[in-house]
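Protein chains in written order, with the numbering used here: chain A, 1 to 678; chain B, 1001 to 1112. All residues carry an ideal CB built from backbone N, CA and C; glycine is no exception. Here is the structure we will look at, set down as structure tokens.
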Amino acid sequence: MKGQVLLRIYIALAVLSWICLTLIDILPLSTFGLEVKYTILNTIRGAFISFLSLIIFLYFKYSIGASHWEKFTDFLWNLVATGLLTILLNILIILLEKQIINGYVADKRMLINFLNHFQLILVLIFVSKGFFIWKKMILYQKTKLRLQVWNVFEIIIYTSLLFTLWEHKYNLGAIIFIVIAFLIGLALSVNVKWVAFLNFQQKWQSILFILLILAISSVFLTQILNDLKNPFIIINLSTDIFLLLIFGFLIIYSIVSFLVLLFNLPTSSVFEQKFEESLNFQKISQAIDINKSENDIYEIFLESSIKTVMADNGWIEWHKNNAKTITPDYVSIETVKNANEILNKIAPLKSQKPILIDQLPSKITDSDTGVKYLSAIVIPVFISEKEEARMVLLKDVKDGFDKEMLGIISSYAVQTGISIENLRLLKNAVENERYKEDLVIAKEVKTRLLPEKHISNPNFQFFAYSQSADDVGGDYYDVVQLTENKFSIVIADVSGHGISAAFNMAQLKGALNAILHLHKPIQQIFKILNKAVSDSIEKSSFISISYFEIDIQSKKVHYYQGGHCPALFYNHQTNTIDYIKEYGIALGIIRTDKYGDLIKSKSFVFDKNDILLLYTDGIVEAKNKENEEFGYLRLQQVLAKSKALDANQISFMIKQELQLFTQSEVLLDDMTLICVKF
Amino acid sequence: MQINYSNINNLILIEPVGELDASCSVQMDNELARAIAENTKGIVINCNGLEYISSAGLGVFISYINELEQKNQKLVFCNMSDKIKHVFEMVGIGQLVKIVSNQELAIEYVNE
């Protein structure tokens, strides 16, 4: 907003001063004729011309300075457009003036001067715009020094406005001033860095634009000189140093730019090539994307290489999942074999270095097109210091490749190796993240599979304690009320750790829940469970499981221990603690129907204050510092000590003993303990 | 873990030494597969040097029981420590494979 206001002020001031200037020049010539002293008149005229020039100058300083165009050619085109417009108007005015002179109009002088004042504005607009557009070009990628020099130059230009205040002679002072300005302008004119950033087409455009600008400038200059000879025109611009300096600067920089553009045309393609090469590097390094494959990176590498050296054919041989692959896949194996036969004599398979072959000992024939190749480049690609791929580029002429090309392609190869290494690392990292997430999910799953630790029931106390060594353990337990008087307790140990164990456990729970509520006899339960489990767990996995069915009414426990640790039972009446040494067969060991025939459930009676202790091998196999196991004996002893306590207290005692024994906080195995007190 | 493998009079003798846990189970798996492929009368596993066996180790033997039965090859264990024997019994494999006290008896059993 502030900018707009400023520009409007400039325009207003410009219009005002132009009106004043015109009035001063015109009025004396009109029929009203004011007699004013000449010298004062000249000074006032000079002042207004200076002021007008300054305002127009500042207007463009601000408006060009604030504009942002994308391309340099846009700047040039803008100036050309303005120039064409002003020159066209100027020509129109000249024609009009001719008409007036040759015609029969009264007050010829007044009219011509009136028109002349418009010409003044046109010239000022053109040169001011040109000046500041050149400023943009010169100050492209400026250095501090250059900016300072430019500022000095601009100040000199402003200062030159003072010369317009009176009609002066070209005395020594003036000439020195002009020479200094000229030299500084010349020094600034060598800054044509922007030329290097144009492509071939843009260079041609710029040449055209600059020629137009030179033409327009010369037309304006010619007109100014002609005006001097014109008796009718009052304004004398031949002493306007301001205008002359700017014109001079405009023309000098145009010529310099023109020459630089012209001489840079032939080498333009080299710059574009270098630019493309760095783009290719970017492409290769940006191909590190989780959705891309190594094949994609090799493809980009091959494409960029073929384009850069203008090869007639090329491919990359590499290992994909331990199999030899060729990229691109439309290259025939015949051709590659053909090539390798000849190349391996010169560049044996693990050659370790990029090789340039000016003339192949025998021509390589393309089995698809029949073309015969005469020169080649062979580049190995190293990934983590191992040679994993080899690129071959071919041309059907001798000496088709040079050292420069070899150098660039070698750099591509290095970048490719780095990109692929990074891609692998990235994929690994993502895998690990995914694995970690899977573990978290599996832990969630496990937490939902295990029931509450404490079951309250008037007929017996039940307390369970379970802890896993890592995030996901293989122990499982459950207590289910089958009928009003029947409860079943299950404890199982799925072999292995980690996610597969957790999922096997989930499958077990699913099968169990389905079977239990069918109220089948234990033998049937195990038969069905075994079938269900055998079909779903791995070949070398099995599930050890103990199953106890408590009948409150009959005070009997029916059970089967399928490959699990023997339960510990405390008989209150006889005050004995014994392991139930009835051993069965774990699930998943015999995966045929034969299993059903080998199952036999057993039973025992219980009474008040009897204790049943179920556990997994993590408890008895827990080791202390001397690598001694906790063992079955110690477990018996702890139960003996705590037999009078409640189920939860007994469990706590056992846990404490274990911690004391192992003297460590860290568990090496999963541990589960179930204590039932009747 | 070290596993000694030898072919004696058309039967395979495998002697595992050390602890057979999850990390070594692959090794044992390979040796068993190799033994079965030789199509001998049977395989004797001498557990004299076997200090410990995990559920993964057990799993390896279990996975081959069926195959051995189908190919009519005998599998017999000998020189087991009490601890290892207890593990075998508890899991229930004790009922499925032959366990004898020494190597002579084992070889005798295979040659029956």
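Proximal chain A residues relative to B:Gly1059, where beta-carbon distance stays under 7 Å: Chain A residues near B:Gly1059: Ser495, Ser540, Ser541 and Phe542.
Cβ-based burial, A:Asn575 [other Cβ within 10 Å; buried from 16]: exposed
Cβ contact check for the segment 270–278 of chain A and the segment 219–239 of chain A: 3 or more pairs under 8 Å: Contact fails between the segment 270–278 of chain A and the segment 219–239 of chain A, because fewer than three Cβ pairs, one in each stretch, are under 8 Å apart.
The segment 255–272 of chain A contacting the segment 363–379 of chain A, beta-carbon criterion three pairs below 8 Å: no
Test item: CB-CB of B:Val1091 and A:Ala586 under 8 Å: yes
Residue environment, A:Thr143, which counts as buried when at least 16 other CB atoms sit within 10 Å: exposed
Among B:Asn1048, B:Ile1012 and B:Asn1111, the one whose alpha carbon lies nearest that of B:Glu1038: B:Ile1012
Contact with chain B by A:Ile522, beta-carbon distance below 8 Å: no
C-beta neighbour in chain A for B:Met985, strict 8 Å: In the structure as shown, chain B begins at 1001 and stops at 1112. Residue 985 of chain B is therefore absent and cannot be evaluated.
Coarse secondary structure for A:Ser50, derived from DSSP in three states: helix
Three-way DSSP call (helix, strand, coil) for A:Lys509 in this model: If DSSP states are grouped into helix, strand and coil, A:Lys509 belongs with the helices.
Residue-level contact to chain B via CB, A:Gly631, 8 Å cutoff: no
is_contact[B:Leu1096, chain A] using C-beta, thresh 8 Å: yes
Contact check, A:Ile346 vs A:Ile357, beta carbons under 8 Å: yes
Short CB-CB distance (under 8 Å) between B:Glu1015 and chain A: no
Straight-line Cα distance separating B:Gly1094 from A:Ile537: Each residue's alpha carbon lies about 21 Å from the other.
Boundaries (first-last residue) of the beta strand (DSSP E) holding A:Thr576: Thr576 to Tyr579
Span separating the alpha-carbon of A:Leu92 from that of A:Leu7: 28 Å
Between the CA atoms of A:Gln636 and A:Thr672 - distance to the nearest angstrom: 16 Å
Option nearest B:Asn1111 by Cα separation, candidates B:Leu1032, B:Lys1074 and B:His1086: B:Lys1074
Strand pairing of A:Tyr373, partner residues [DSSP]: A:Ile364
Residues from the segment 588–619 of chain A in contact with chain B, defined by Cβ distance under 8 Å: Listed by position along the chain: Gly588, Ile589, Ile590, Arg591, Thr592 and Leu598.
A:Leu88 in three-state terms, based on DSSP: helix
Minimum Cβ-Cβ distance from A:Ile585 to chain B less than 8 Å: yes
Proximal chain B residues relative to A:Cys565, where beta-carbon distance stays under 9 Å: Neighbours of A:Cys565 in chain B, taken as residues whose beta carbon is under 9 Å from its own, are Met1090 in chain order.
Span separating the alpha-carbon of A:Trp315 from that of A:Leu393: 7 Å
Stretch pair the segment 580–598 of chain A + the segment 535–552 of chain A: three plus CB contacts closer than 8 Å: With the cut-off at 8 Å, the segment 580–598 of chain A and the segment 535–552 of chain A touch.
Euclidean distance between Cα positions of A:His564 and A:Glu628: 21 Å
Whole alpha helix (DSSP H) elements within the segment 603–658 of chain A, 4-residue minimum: 617–620 and 631–642
Residues that A:Gly562 contacts on chain B, provided the C-beta gap is smaller than 8 Å: Gly1092
Beta-carbon neighbours of B:Ser1063, restricted to chain A and to distances below 7 Å: Under the 7 Å cutoff, chain A gives Lys539 and Ser540.
Rounded straight-line distance, which links the Cα of A:Gln415 to that of A:Lys307: 17 Å
Start-to-end residues for the alpha helix (DSSP H) that takes in A:Tyr465: Premise fails: A:Tyr465 lies in the beta strand (DSSP E), Phe460 to Gln467, not in any alpha helix (DSSP H).
Those residues which DSSP pairs with A:Ala323 across a bridge: A:Lys320
Boundaries of the beta strand (DSSP E) in which A:Ile489 is found, first to last residue: DSSP places A:Ile489 in the uninterrupted beta strand (DSSP E) bounded by Lys486 to Val494.
A:Glu582 vs A:Ser488 beta-carbon contact at 8 Å: no
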